[in-house]
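J.:
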Amino acid sequence: MTTHTEMEIASQPACWRRGAEMAATAALPRLGERVAVVGCGTSWFIAQAYAVLRERAGHGETDAFAASEAPIAVPASASPHTREAPLATPTSAGSHAAEAPLATPTSAGSQGAEAPPATPTSAGSPAAEAPLAVPTSAAPPSAGAAYGRAYDRVLALTRSGTTTEVLDLLRRLDGTPVTVVTADPRTPVMSLADEVVVLDFADERSVVQTRFATTQLALLRAHLGEDLGQAIADAERAIAEPVPEAFVAAEQFTFLGRGWTCGLAQEAALKMREASRSWTEAYPAMEYRHGPISIAGPGRVTWMLGTAPEGIAEDVRAAGGAFVGGNADPMAELVRVQRVAVARANALGLDPDQPLHLTRSVILSS
Numbered sequence: 002m003t004t005h006t007e008m009e010i011a012s013q014p015a016c017w018r019r020g021a022e023m024a025a026t027a028a029l030p031r032l033g034e035r036v037a038v039v040g041c042g043t044s045w046f047i048a049q050a051y052a053v054l055r056e057r058a059g060h061g062e063t064d065a066f067a068a069s070e071a072p073i074a075v076p077a078s079a080s081p082h083t084r085e086a087p088l089a090t091p092t093s094a095g096s097h098a099a100e101a102p103l104a105t106p107t108s109a110g111s112q113g114a115e116a117p118p119a120t121p122t123s124a125g126s127p128a129a130e131a132p133l134a135v136p137t138s139a140a141p142p143s144a145g146a147a148y149g150r151a152y153d154r155v156l157a158l159t160r161s162g163t164t165t166e167v168l169d170l171l172r173r174l175d176g177t178p179v180t181v182v183t184a185d186p187r188t189p190v191m192s193l194a195d196e197v198v199v200l201d202f203a204d205e206r207s208v209v210q211t212r213f214a215t216t217q218l219a220l221l222r223a224h225l226g227e228d229l230g231q232a233i234a235d236a237e238r239a240i241a242e243p244v245p246e247a248f249v250a251a252e253q254f255t256f257l258g259r260g261w262t263c264g265l266a267q268e269a270a271l272k273m274r275e276a277s278r279s280w281t282e283a284y285p286a287m288e289y290r291h292g293p294i295s296i297a298g299p300g301r302v303t304w305m306l307g308t309a310p311e312g313i314a315e316d317v318r319a320a321g322g323a324f325v326g327g328n329a330d331p332m333a334e335l336v337r338v339q340r341v342a343v344a345r346a347n348a349l350g351l352d353p354d355q356p357l358h359l360t361r362s363v364i365l366s367s
């Protein structure tokens, strides 16, 4: 029986086209703004990828945080649950409400290589892999004290629009413009945003996120001026190819990334854990030799999203492990991982639509 997850995975090329078409009018961060991108789980990993891409494209300093850990400045006078935002202006697939500057298009495979170099920040510079700095104070402010970093805009990524950590963060902000990308315009996040981009066509019935996550990133990449034609073609091939039996039977997977694909590597590992309860790990590729390679071996797979560093494939094979890499767009490579995760779930008799211990949104009691 075909699951919702499988159908949602197969629909991604069409969703990416629609997302890319929205980029010219979507209410997304403006050129030159200093931006904090926040989310939870999958959305946090997409935020990491976008933060690196935005800086490399020369659009401005960009940090990515888990919503629960974001050290964003909160005025001393602000108290939790007091933000009163104006009614958000939604941008959906059929609307043209926003004016956002676009960069000169580059190819989807260039990863912004021809863009002016960005000023290094904790979100990740062209020379860095791990894009997040450890905040000096991630705890809520003490009485009467201001804390954290100042931003021109907060971009919140949230499929459900109901995640507790995201809503709590946005309620604490006082005056910082907020843009939200969500799948559901009928949720509480709408009242906490100044501008909203609604990707309702990419919403999902499965608990496991696949097409909403990648459609967000397709929209954001297109807004930076990338041409996604090759990425879409690569994704169509990834969907048509059979899943290798060796991947279904493998004991363990490690996913590697560089630059913007470090976030995708984390997302690939999460998809395997969620859908099939697989043992997975993820690292920046150049960190792999600093310990993690010790678990490489027969029946274990090391999978690179993006261009692999010189010699790493040979090192994995010398340890007896299988190395997977290629020239496909990294988002399309993530589609391949999603399909492997579902195939492994099916082989184990698991339901990828309803993974164990998970719900569509994490809503915590106060």
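Take 2 as the starting number for the sequence shown in my numbering and just add one per residue.
Even glycine gets a Cβ: it sits at the ideal position worked out from N, Cα and C.
The model shown is predicted, which means the values in this text are computed figures rather than measured ones.
Assuming A65 is part of the beta strand (DSSP E), what are its boundary residues?
T.: Residue mapping note: residue 65 aligns to position 64 of the sequence shown, counting from 1. Where A65 is concerned, the enclosing beta strand (DSSP E) stretches over 63–67.
J.: Identify the residues that DSSP records as bridge partners of Q49: which are they?
T.: Counting from 1 along the sequence shown, the entry for residue 49 is found at position 48. DSSP output for Q49 lists no bridge partner at all.
J.: So V172 is in the alpha helix (DSSP H); what residue range does that whole segment cover?
T.: Mapped onto the sequence shown, residue 172 falls at position 171. In the sequence on display, residue 172 carries Arg and not Val. Where R172 is concerned, the enclosing alpha helix (DSSP H) stretches over 165–173.
J.: Please report the straight-line C-alpha distance between G59 and R337, rounded to a whole angstrom.
T.: Taking the sequence shown and counting its residues from 1, one reaches residue 59 at position 58. Taking the sequence shown and counting its residues from 1, one reaches residue 337 at position 336. Going from the Cα of G59 to the Cα of R337 covers about 30 Å.
J.: Please list the segments of the alpha helix (DSSP H) lying wholly inside the segment 235–271, counting only runs of 4 or more residues, in order along the chain.
T.: Here the runs fully enclosed are 246–250.
J.: Near A251, what residues of its chain come up, given a Cβ to Cβ distance below 7 Å and the 5 sequence neighbours on each side ignored?
T.: By one-based count along the sequence shown, residue 251 stands at place 250. So the qualifying residues of the chain are G300, R301, V302.
J.: Considering only their Cβ atoms, is the gap separating E34 from G61 smaller than 8 Å?
T.: By 1-based counting over the sequence shown, the position of residue 61 is 60. By 1-based counting over the sequence shown, the position of residue 34 is 33. Yes; because the gap between Cβ atoms is below 8 Å, this pair is in contact.
J.: Whose C-alpha, out of A320, A314, A203, E268, is nearest the C-alpha of C41?
T.: What you label residue 41 is simply residue 40 of the sequence shown in a count that begins at 1. Ranking the options by Cα distance to C41, first place goes to E268.
J.: Compare the beta carbon distance of A232 and A276 with 8 Å and say whether it is the shorter of the two.
T.: Position 231 of the sequence shown, counted from the start, is the residue given in the question as residue 232. Position 275 of the sequence shown, counted from the start, is the residue given in the question as residue 276. No, the Cβ-Cβ distance between A232 and A276 is not below 8 Å.
J.: Since L271 and F66 are thought to touch, with beta carbons under 8 Å apart, how far apart are those beta carbons, to the nearest angstrom?
T.: Position 270 of the sequence shown, counted from the first residue, corresponds to residue 271. Position 65 of the sequence shown, counted from the first residue, corresponds to residue 66. In fact, because the Cβ distance is near 17 Å, the residues do not count as touching under 8 Å.
J.: For T177 and R318, I'd like the C-alpha separation in whole angstroms.
T.: Taking the first residue of the sequence shown as 1, we reach residue 177 at position 176. Taking the first residue of the sequence shown as 1, we reach residue 318 at position 317. Spanning the two alpha carbons is a distance of roughly 50 Å.
J.: Beta strand (DSSP E) containing R301: first to last residue?
T.: Numbered from its first residue, the sequence shown carries residue 301 at position 300. Segment 301–306, the beta strand (DSSP E) holding R301.
J.: Under the three-state reduction of DSSP, which class applies to D201: helix, strand or coil?
T.: One-based indexing of the sequence shown puts residue 201 at position 200. It is helical.
J.: Pairs of beta-carbons, one from the segment 9–16 and one from the segment 204–224, closer than 8 Å: are there three or more?
T.: Yes, the segment 9–16 touches the segment 204–224.
J.: Report the residue from I73, A234, E237, D235 whose alpha carbon sits nearest the alpha carbon of A157.
T.: Position 156 of the sequence shown holds residue 157. Measuring from the Cα of A157, the nearest candidate turns out to be I73.
J.: For P243, does the count of other Cβ atoms within 10 angstroms reach 16, so buried, or fall short, so exposed?
T.: Here the question's residue 243 lines up with position 242 in the sequence shown. P243 should be labelled exposed.
J.: Starting from T159 and walking both ways along the beta strand (DSSP E), at which residues does that stretch end?
T.: Along the sequence shown, read from residue 1 onward, the residue named residue 159 stands at position 158. 154–159 is the span of the beta strand (DSSP E), which, as asked, contains T159.
J.: For R206, count neighbouring C-beta atoms within 10 Å of its own C-beta (all shown protein chains included) and say buried if the count is 16 or more, exposed if not.
T.: For the purposes of this step, residue 206 is identified with residue 205 of the sequence shown, where counting begins at 1. Looking at its Cβ environment, which holds fewer than 16 other Cβ atoms inside 10 Å, R206 is exposed.
J.: Considering only C-alpha positions, which residue in the set T163, W261, R19 is nearest to G307?
T.: Residue 307 sits at position 306 when you count from the first residue of the sequence shown. For G307, the nearest C-alpha among the options comes from W261.
J.: With a threshold of 8 Å between beta carbons, is M305 in contact with chain D?
T.: The structure shown contains no chain D; it holds only a single protein chain.
J.: How is the alpha helix (DSSP H) around T183 delimited, first residue to last?
T.: The residue given as residue 183 occupies position 182 in the sequence shown. Taken as a continuous stretch (DSSP letters only), T183 belongs to no alpha helix (DSSP H), being part of the beta strand (DSSP E) at 179–183.
J.: DSSP on P353, reduced to helix/strand/coil?
T.: Numbered from 1 along the sequence shown, position 352 holds the residue referred to as residue 353. DSSP places P353 in coil when its eight states are reduced to three.
J.: Excluding the five sequence neighbours on either side, which residues of its own chain have a C-beta within less than 7 Å of the C-beta of L225, listed in chain order?
T.: Looking up residue 225 in the sequence shown gives position 224. If we look at L225 and ignore the five residues flanking it on each side, its Cβ neighbours are L54, R55, A58, H60, A104.
J.: Could you please give the first and the last residue of the uninterrupted beta strand (DSSP E) stretch that includes V75?
T.: Taking the sequence shown and counting its residues from 1, the one referred to as residue 75 is at position 74. From DSSP, V75 is part of no beta strand (DSSP E); its letter is neither H nor E.
J.: Under the three-state reduction of DSSP, which class applies to T6: helix, strand or coil?
T.: Position 5 of the sequence shown, counted from the first residue, corresponds to residue 6. Three-state DSSP puts T6 in a helix.
J.: Given this structure, state the Cα-to-Cα distance separating E370 from T180, to the nearest angstrom.
T.: Because residue 370 is not part of the residues shown, which for the chain are 2 to 367, the question remains open.
J.: Would you list the one or two residues that DSSP bridges to T281?
T.: As a first step, residue 281 is located in the sequence shown; it is residue number 280 there, counting from the start. T281 pairs with F254.
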